[in-house]
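Asks: There's a structure below that I have some questions on.
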Amino acid sequence: ARPLTVPDLAAARREGRKLAMLTAYDAGFARACDDGGVDLVLVGDSLGMVVQGQASTLPVTVDDIAYHTRCVARGLSRALLVADLPFQADATPGRALDAATRLLQAGAGMVKLEGAGHKLETIRFLVEREIPVCGHLGLTPQSVLRFGGFRVQGREDAAAAKLREDALAVAAAGAALLVLECVPSALASAITAASPVPTIGIGAGAGCDGQVLVLHDFLGLESGHRRPKFVKDFLEEGGSVAGAVRAYVAAVRDGSFPDEAHSYA
Ligand code: KIV
Ligand code: NA
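In structure tokens:
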């Protein structure tokens, strides 16, 4: 199959095809994702936690993401590679442009950054310079010190309204895709209905245009942290890594994952 492009994301949404995304950090797992039909592979700054064993994503550097992006790029032939801008690599538009340029030169086709507010200017700055951007709202792990932990976002009316407003602003700034993390299902569905760009959920219910999971969670590896409600072990169901990827892609495409047991009401 030909490589997936940024315009294909909007086309998938128009045609009602759900997008399946997984994280990967090396060529071997990237190839397994690609072979199993995953549409988007994310080199997430989650690598700080699942690969490096850190307590948060804050210690991750652009060098770390660039290294894993080069590794993952060698394993892909169809999936679109998204790379995270790590903590403070997007603190100013100029820093973000330098970091994003490095990640695209390492093989990414799109960069992801967390938040709205002052990040809207950065999103516009990157998009005007031909760098495709994915937004990320809700539980933004780089905000862990302010949040005081990893918890569901947008539960109160005011927070829900703010999240919805931020989602529309991120899309208006030029983001071509939007990740919603740990958001009540009804809110994520409402944001998806209002959003001009596809949404990808993680702990955000089945109403999003696609889903993403962290590779280690999806393979049932215990992280030493409490396992979030939305995590499902697809290795148990699939019987092998290849089977797990196929089971995940099929469940995302037919809307059976996430079910209510793996979502927040
Ligand atoms: O870093 C990551 O893996 C992510 C996903 C959880 C969306 O940002
Ligand atoms: Na991330």
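The numbering used here numbers the first residue of the sequence shown as -6 and each following residue consecutively. The beta carbon of each residue, even a glycine, is placed where N, CA and C say it ideally should be. Keep in mind the model is a prediction, meaning the values are calculated, not measured.
1. Can you tell me where the alpha helix (DSSP H) holding alanine 179 begins and where it ends?
2. Thinking C-alpha only, which one of Glu229, Gly102 and Phe211 is nearest proline 0?
3. Assuming contact is defined by CB atoms lying nearer than 7 Å, are aspartate 159 and leucine 132 in contact in what I supplied?
4. CB of glycine 203 to nearest heavy atom of the ligand NA: below 6 Å?
5. For chain D, find out if any of its Cβ atoms is closer than 7 Å to the Cβ of alanine 187; answer yes or no.
6. Compare the C-alpha of arginine 7 against each of Pro125, Leu156, Ala186 and Leu161 and name the closest.
7. At a cut-off of 6 Å, would you count glycine 194 as near the ligand NA, judging by its Cβ distance to the nearest heavy atom?
8. Name the one or two DSSP bridge partners that alanine 76 has.
9. Over the uninterrupted beta strand (DSSP E) stretch that includes threonine 16, give me the two end residues.
10. For leucine 173, does the three-state DSSP call read helix, strand or coil?
11. Express the C-alpha separation of glycine 232 and alanine 166 in angstroms, rounding to a whole number.
12. Which residue's Cα is closest to the Cα of proline 221: Ile195, Gly200, Ala240 and Cys201?
13. Between the beta-carbon of threonine 16 and the beta-carbon of leucine 208, is there less than 7 Å?
14. For a test of your reading of the model: does the CB of serine 39 fall under 6 Å from any non-hydrogen atom of the ligand KIV? Yes or no.
15. Can you tell me which of Phe22, Ser216 and Val53 puts its alpha carbon nearest to the alpha carbon of glycine 41?
16. Leucine 208 lies in the alpha helix (DSSP H); which residues open and close that run?
17. For glycine 141, which of Ser49, Pro(-4) and Ser182 has the nearest alpha-carbon?
18. Helix, strand or coil: how does DSSP classify histidine 129 here?
19. Roughly how far, in whole angstroms, is the beta-carbon of arginine 63 from the beta-carbon of glycine 100, given that I think they are within contact range, below 8 Å?
20. Check the DSSP bridge columns for isoleucine 195 and list the partner residues they point to.
21. For glutamine 135, does the three-state DSSP call read helix, strand or coil?
22. Got a sec, what are the start and stop residues for the alpha helix (DSSP H) cysteine 201 sits in?
23. By Cβ distance, which residues of its chain are closer than 6 Å to alanine 5, with the 5 residues on each side in sequence left out?
Replies: Working from what's here:
1. 178 to 187
2. Gly102
3. no
4. no
5. The chain inventory of the structure shown lacks chain D, comprising one protein chain alone.
6. Ala186
7. no
8. Val36 and Val104
9. 12 to 16
10. strand
11. 42 Å
12. Ile195
13. yes
14. yes
15. Val53
16. 208 to 211
17. Ser49
18. strand
19. 6 Å
20. Glu174
21. helix
22. Taken as a continuous stretch (DSSP letters only), cysteine 201 belongs to no alpha helix (DSSP H), as it is neither H nor E.
23. Leu12
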